[in-house]
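Here's the structure we're looking at; comments come further down.
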Amino acid sequence: MGILDVRNCTKRFGGLIAVKALDMCLNQGDLYGLIGPNGAGKTTVFNLITGVYKTDEGSIELDGRTIHRSKPSSIASLGISRTFQNIRLFRSMTVLENVKVARHMRKKQGIVDAIVHTRHLKSEEDEIERDAMQLLKIFNLDARADELAFNLPYGSQRRLEIARALATAPKVLLLDEPAAGMNPQESLELMRLIRSIRDEFHITILLVEHNMKVVMGVCEKIQVIDYGETIALGTPREIQGNPKVIEAYLGGA
Amino acid sequence: MKKWVFWLVALAALAAMESSLRGLIGAYNYQIVILVGINIILAVSLNLINGYTGQFSIGHAGFYAVGAYTSASLVFYGGPAIRGATAFLPQIAQNAVLLLAGIFAAAIAAGIAGWAVGIPSLRLRGDYLAIVTLGFGEIIRVLILNIDAIGGSRGFSGIPQLSNFFWVYLVVLITVVTVHNLVNSSYGRAFISIRDDEIAAEAMGVDTTRYKVMSFVISSMFAGIAGSLFGHYTMYLHPNSFLFTTSFYLIIMIVIGGLGSIEGAILGAVLVTVLLEVFREFGAFRLVNFSILLVLIMIYRPQGLLGAWTLFRPRKAAPAAK
Ligand SMILES: Nc1ncnc2c1ncn2[C@@H]1O[C@H](COP(=O)(O)OP(=O)(O)O)[C@@H](O)[C@H]1O
Ligand SMILES: [Mg+2]
Chain A
1 MGILDVRNCT KRFGGLIAVK ALDMCLNQGD LYGLIGPNGA GKTTVFNLIT
51 GVYKTDEGSI ELDGRTIHRS KPSSIASLGI SRTFQNIRLF RSMTVLENVK
101 VARHMRKKQG IVDAIVHTRH LKSEEDEIER DAMQLLKIFN LDARADELAF
151 NLPYGSQRRL EIARALATAP KVLLLDEPAA GMNPQESLEL MRLIRSIRDE
201 FHITILLVEH NMKVVMGVCE KIQVIDYGET IALGTPREIQ GNPKVIEAYL
251 GGA
Chain B
254 MKKWVFWLVA LAALAAMESS LRGLIGAYNY QIVILVGINI ILAVSLNLIN
304 GYTGQFSIGH AGFYAVGAYT SASLVFYGGP AIRGATAFLP QIAQNAVLLL
354 AGIFAAAIAA GIAGWAVGIP SLRLRGDYLA IVTLGFGEII RVLILNIDAI
404 GGSRGFSGIP QLSNFFWVYL VVLITVVTVH NLVNSSYGRA FISIRDDEIA
454 AEAMGVDTTR YKVMSFVISS MFAGIAGSLF GHYTMYLHPN SFLFTTSFYL
504 IIMIVIGGLG SIEGAILGAV LVTVLLEVFR EFGAFRLVNF SILLVLIMIY
554 RPQGLLGAWT LFRPRKAAPA AK
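Protein chains in written order, with the numbering used here: chain A, 1 to 253; chain B, 254 to 575.
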């Protein structure tokens, strides 16, 4: 049993089976790649794990705890955080505030504290700000902390989403095509960053990409899906030579 | 400035103004100033739901009514008993106790109403939520029309006058400070995150249903308090004071000033209240004029007159008015 256990999960949209009897098991500290052509069902898997969609069949467990019936915010507080393929930053907030929102969950403020603005609240706010700034520094975003997140260049917005996700102090971090829209140089740097995050924060990372090259360089274990079904599972080397994978990618392209 | 110094100075200033204001500006203007204050409380609190949390409620008059009638009933029927129990106090302190009891009851009753409306309806979005809140406002009004003990369609008269400039503007201050502190805490960030992107908010651990209900309850409580202050100033309540148009004017106030800005809501409340008075002779036509004004503002200045401009904390730019 791993830290994140997806068992026999199926998700249908009307007649379309987006995810079909999928099994996936991540162990603590994994940097796990989930790849597949466009429309294979990768984002749907993320939405199932994070509770945005409910599974039609199957179960999902985090650290032995059933989560597939919980709402997204509960799943987040249990320790799963994510980024979005289509960036979903809080558009009227600054870079710093985006991270603070996520930090909030780990530091519960009392409503009376908030209304009266007690000293206790102030020290907690300072702490939240310190934590948030520290995260921004890691992602090289601290210089733009007070800018509107919306005004950042695309690549920075993607990095900010990762920083925001990390602010919830997750056990498992799900990254949905974090390198999308980046040039090869930026992608390479991002992959290095992702690996160092895994090591430094001692978390487990599930990385979705449809670009195989990006994943091959960074993930230790890779699962390939097509039409919602697993077609291969193994190390990058094993995956690269797998005829089914080559077929899926060539056929899909 | 130390907090207690601020409040002490504020209390002294309000008391001084209360004793001289009516003489300075006359009874008619004094009454408008009171109305402005009550509308500031209503607009600033409604802004919590419509501006910060990004939900669309058009039933604020309903909570206002619940507060007004609850407080008036308590003081009307329970007043003698409360006065009896506080007979050892001077008259002015007795009045204060009565008003505070009324305000407290109003806040609780309106808060419960907010919760009861919020729980089922906040699962709805946009237009549907608007319709439910509108329906709630109408239901409250029709209920009041049919309860004889609070005057029904005749109106509720004989309510003791307990509120005045001092109390109204004390509550204005409390409302503004409360909402300002709240929206600048983690609660405020949670509210705004819901407005900006509900799915992302949930993914970051914000229990969106809980925060939506919370903004509804807090907002309703202040509306209830405004109702209490209103009834104990005018000494008479009628269901017609709580028509849909009242909710509509409140929406206009916060849209004119800029959704999600406290100063905007204050400016909107002042402008609309004064304009309504100035054009009183036009009667129902005022609604038409305000509708035109609203449309013009939405076309030429969708972020409101002030946008997200705020006095207390510099923000880099205006959020899109949702
Ligand atoms: N909310 C939805 N409603 C209907 N169909 C959907 C929905 N979400 C995804 N799908 C469909 O499910 C399939 C898998 O989509 P997705 O998980 O986004 O793929 P990927 O992320 O691998 O590109 C696609 O055919 C897509 O059109
Ligand atoms: Mg996808």
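Glycine included, each C-beta is placed from N, C-alpha and C at the ideal position.
Please read these numbers as outputs of a predicted model, since none were measured by experiment.
- For Tyr-32 of chain A, the uninterrupted beta strand (DSSP E) segment begins and ends at 31 to 35.
- The secondary-structure analysis by DSSP pairs Ile-205 of chain A across a beta bridge with A:Leu-31 and A:Leu-173.
- Taking 9 Å as the cut-off, the Cβ atoms of Tyr-305 of chain B and Gly-441 of chain B count as close.
- Using a Cβ-Cβ cut-off of 7 Å, Glu-97 of chain A is close to Arg-442 of chain B, given in chain order.
- Between Thr-50 of chain A and Ile-75 of chain A, the gap from beta carbon to beta carbon is short of 9 Å.
- Closest in alpha carbon position to Glu-391 of chain B, among B:Gly-312, B:Val-436 and B:Val-429, is B:Gly-312.
- In this structure, ligand 2 has no non-hydrogen atom nearer than 8 Å to the beta-carbon of Gln-223 of chain A.
- With 6 Å as the limit between CB and the heavy atoms of ligand 1, the residues that fall short of it are A:Phe-13, A:Leu-16, A:Ala-18, A:Gly-36, A:Asn-38, A:Gly-39, A:Ala-40, A:Gly-41, A:Lys-42, A:Thr-43 and A:Thr-44.
- Contacts with chain B (Cβ-Cβ distance below 9 Å) from the stretch 97 to 123 of chain A involve Glu-97, Asn-98, Lys-100, Val-101, Ala-102, Arg-103, His-104, Met-105, Arg-106, Lys-107, Lys-108, Gln-109, Ile-111, Asp-113, Ala-114, Ile-115, Val-116, His-117 and Leu-121, listed in chain order.
- For Arg-88 of chain A, the residues of chain B that pass the 7 Å Cβ criterion are Asp-450, Ile-452 and Ala-453, in the order they occur in the chain.
- Ala-443 of chain B is not a Cβ neighbour of Ala-456 of chain B, given a cutoff of 9 Å.
- DSSP places Phe-13 of chain A inside the beta strand (DSSP E), whose first and last residues are 4 to 13.
- Around the beta carbon of Ile-80 of chain A, 16 or more other beta carbons lie within 10 angstroms, which makes this residue buried.
- Cβ contact annotation for Gln-284 of chain B (same chain, cutoff 6 Å, sequence separation greater than five): none.
- Put simply, the CB of Arg-158 of chain A is far from chain B, with every gap to its CB atoms at 9 Å or more.
- If one requires a minimum length of 4 residues, the alpha helix (DSSP H) runs lying completely within the stretch 335 to 400 of chain B are 344 to 374 and 379 to 398, in chain order.
- Taking each of A:Leu-4, A:Val-99 and A:Ser-187 in turn and checking the Cα distance to Gly-155 of chain A, the smallest one comes out for A:Ser-187.
- Between Ser-324 of chain B and the set B:Gly-355, B:Val-424, B:Gly-536 and B:Val-258, the nearest pair of CA atoms involves B:Gly-355.
- C-alpha of Pro-492 of chain B to C-alpha of Ala-402 of chain B: approximately 14 Å in a straight line.
- Following the DSSP letters along the chain, one finds Ile-504 of chain B inside the alpha helix (DSSP H) bounded by residues 497 to 510.
- About 13 Å separates the Cβ atoms of Ala-321 of chain B and Ser-473 of chain B, ruling out a contact at the 8 Å cut-off.
- Cβ contact annotation for Ser-298 of chain B (same chain, cutoff 6 Å, sequence separation greater than five): Ser-472, Phe-475 and Ala-476, in chain order.
- Using beta-carbon distances, Leu-435 of chain B counts as an interface residue toward chain A, with a partner under 9 Å.
- If you ignore the 5 residues before and after Ala-268 of chain B, its C-beta comes within less than 8 Å of the C-beta of Phe-419, all in its own chain and listed in chain order.
- No Cβ-Cβ contact shorter than 9 Å links Phe-532 of chain B with Tyr-317 of chain B.
- Interface flag for Val-52 of chain A against chain B is set, since a Cβ pair is found closer than 9 Å.
- Taken through DSSP and simplified to helix, strand or coil, Glu-97 of chain A comes out as helix.
- Taking the C-beta atoms as reference points, Arg-158 of chain A is found nearer than 9 Å to Met-182 of chain A.
- Comparing C-alpha distances from Gln-185 of chain A to each of A:Ser-196, A:Val-214, A:Ile-197 and A:Arg-195 shows the shortest one belongs to A:Val-214.
- Per the coordinates, the alpha-carbon of Ile-550 of chain B lies some 14 Å from the alpha-carbon of Ala-518 of chain B.
- In chain order, Pro-37 and Met-212 place their CB closer than 8 Å to the CB of Tyr-249 of chain A, counting only its own chain and leaving out the 5 sequence neighbours on each side.
- When Cβ pairs closer than 8 Å are counted between the two stretches, the stretch 224 to 233 of chain A is seen not to touch the stretch 195 to 204 of chain A, the count staying below three.
- Under a criterion of Cβ atoms nearer than 8 Å, no residue of chain A is adjacent to Asp-380 of chain B; the nearest Cβ is some 22 Å distant.
- At least 9 Å separates the CB of Lys-171 of chain A from every CB of chain B.
- Taking 8 Å as the cut-off, one finds at least one heavy atom of ligand 2 near enough to the beta carbon of Val-208 of chain A.
- Listed in chain order, the beta strand (DSSP E) runs fully inside the stretch 96 to 179 of chain A are 172 to 176, counting runs of at least 3 residues.
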